[in-house]
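Student: First residue of the sequence shown? That's 1010 in this note's numbering, and the numbers climb one at a time after it.
Dropping the structure in here first, questions after.
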Amino acid sequence: MATLKDLSTMLLIEILSRLPSESLFQLKSVCKFWYALINDPINFSFQDKCILMERKVMVNSENFTYIPSILKFSLTPGRSMSICDLHSPFRDCACFNICGYSHGLFCLSNDRVIFLFNMMTEKFHKLPLSILHFGDVYDIDYSATNAVGFGYDSKSRDFKVVRVVEFGNKYGETDFTYRVEIDLRKERWREIESPICGVVSGSFPYEMHHEGTYYWWAFKEGGTNIIHTFDMSEEIFGEISVPNNVAEEDEKYISMGILNGSIVIFHYPVTGNGKTFDIWKMEKDVVSWSKLLIIGPIFGVQKPLLFVNSDELLMDANEGQVICYNIKTHMTNVLPIKGLPSVYGTCYFDFDLQDERESHMNFQV
């Protein structure tokens, strides 16, 4: 009689992939082989759609903290949603940026401290200290992180973290000579030489990883807005121009996202109760933009966050809530999550990870 031991690995993965995440957690204790198989983020992730979000919440009447929260949307009919707050790995209630997602791993950064978070194991892993940083903002000369990006190199089948470091002094003078370092799975930083195309915006960090390239919102000398890119395989920076009426706008009016596999730009007013959102789509493999949608006016919202699917857009509401807006029916649904108004950080949607099995790296976090 055939047993589970007689099944091929690929067939076993196919069977297990149909189970809910709760069952996968229990099955990890069957044997060492299953533990390693299920812990591999290339093979498995949550069977639901998930979002990792940074939100600012009050601890008491005087103090607040920043926490990472996972929003999980069920794929079953009559879809439900659950929220799981994680313990922040950063000390002193520090704010952090979500700096990319790939194959079940998220990267969280707070200047010099960088963590990877594994959605399958729900564990954080701290990366080694930078080889470029020195001093602090109270020293005459110091270095600071300008940008961090995390993604997957399909050529080497490796995860990479890129960090751009700038140098300055306590008098506010900045040396715009940037140096770049890369961290590999071998857990060590190495410096690379690549010309930097622009200064990544630090005030409103709209950034994301998509198909082997990392994207930051940035500006060039003179204040012109651009999209700053880094190719994870070639390890080079690039620049993407933006629509003319967006290029000269203040960065707080703009954010980026993904819709149906394409990069989109949200362009919207920062003031006013009823807001109208222009959505620009970048044509694949061509640096050109077309206006895809005009949404609104919508009342009581601050800014768009991301598309859950082709029809639903999450938005930051005025009262610190998150709403789900259907761009076809124009219906809104208030989600059971709340933070302080206008403080939701960047968030990344957990796309269908089962389509990303071309890599076979087992990265343990």
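Even for Gly, the Cβ is constructed at its ideal location relative to N, Cα and C.
#1: Determine the extent of the alpha helix (DSSP H) in which Ile1022 is found, giving its start and end residues.
#2: Taking the alpha carbon of Ser1165 as the point to measure from, which residue in Glu1244, Phe1133 and Glu1175 has its own alpha carbon closest?
#3: How about Gly1247 and Cys1206: do their beta carbons lie closer than 8 Å?
#4: For Ile1149, which three-state DSSP category applies?
#5: For Tyr1161, list the residues DSSP reports as bridge partners.
#6: Looking only at its chain, what residues have a beta carbon closer than 6 Å to the beta carbon of Phe1133, apart from the 5 residues adjacent to it on each side?
#7: Start and end of the beta strand (DSSP E) containing Glu1103?
#8: Look up Phe1042 in the DSSP assignment and say whether it is helix, strand or coil.
#9: Suppose the cutoff is 6 Å on Cβ atoms and the five residues either side in sequence are ignored; what does the same chain contact list for Gly1309 look like?
#10: As a quick exercise: from Val1331, Cys1093, Glu1321 and Leu1344, pick the residue whose alpha carbon is nearest that of Thr1338.
#11: Can you tell me whether Pro1282 is helix, strand or coil according to DSSP?
#12: Contact defined as beta carbons within less than 8 Å: I believe Val1171 pairs with Phe1239. What is the distance between those atoms, to the nearest angstrom?
#13: For the segment 1255-1274 and the segment 1282-1292, state whether three or more C-beta atom pairs, one from each stretch, are separated by less than 8 Å.
#14: Out of Met1324, Tyr1044, Arg1188 and Arg1199, which one is the CA nearest neighbour of Ser1264?
#15: Looking only at C-alpha atoms, which of Met1217, Ile1047 and Tyr1110 sits nearest to Glu1023?
#16: Would you please state the rounded distance, in angstroms, between the beta carbons of Arg1121 and Thr1154? I believe it to be under 8 Å.
#17: Run through the DSSP bridge pairs and tell me what Gln1311 is partnered with.
#18: I need the straight-line Cα distance from Ser1319 to Thr1341, nearest angstrom please.
#19: Going along the chain, which residues of its own chain have a beta-carbon closer than 8 Å to the beta-carbon of Ser1038, five neighbours each way excluded?
Tutor: This is what the structure holds:
#1: Under the DSSP assignment, Ile1022 falls in the alpha helix (DSSP H) whose first and last residues are Thr1018 to Leu1025.
#2: Looking at Glu1244, Phe1133 and Glu1175, the one whose alpha-carbon comes closest to that of Ser1165 is Glu1244.
#3: Taking 8 Å as the Cβ cut-off, Gly1247 and Cys1206 qualify as a contacting pair.
#4: Residue state, collapsed to three classes: coil.
#5: Answer by DSSP bridge pairing, in chain order: Phe1168.
#6: These residues qualify, in order along the chain: Pro1098, Phe1124 and Phe1126.
#7: Residue 1103 is actually Ala in this sequence, not Glu. Judged by DSSP secondary structure, Ala1103 falls outside any beta strand (DSSP E); it is assigned neither H nor E.
#8: If DSSP states are grouped into helix, strand and coil, Phe1042 belongs with the helices.
#9: Ala1326 and Asn1327.
#10: Checking every option, the nearest Cα to that of Thr1338 belongs to Glu1321.
#11: The sequence shown places Asn at residue 1282, rather than the Pro named in the question. Asn1282: coil per DSSP, three-state reduction.
#12: At roughly 5 Å, the Cβ-Cβ gap stays under 8 Å, so Val1171 and Phe1239 are in contact.
#13: Counting C-beta pairs with one atom in each stretch, the segment 1255-1274 and the segment 1282-1292 have three or more that are closer than 8 Å, which means they touch.
#14: Taking only the C-alpha atoms, the option nearest Ser1264 is Met1324.
#15: For Glu1023, the nearest C-alpha among the options comes from Ile1047.
#16: Indeed, because the Cβ distance is near 6 Å, the residues count as touching under 8 Å.
#17: According to DSSP, which records beta bridges pairwise, Gln1311 is partnered with nothing at all.
#18: In this structure, the CA atom of Ser1319 is about 15 Å from the CA atom of Thr1341.
#19: Tyr1044, listed in sequence order.
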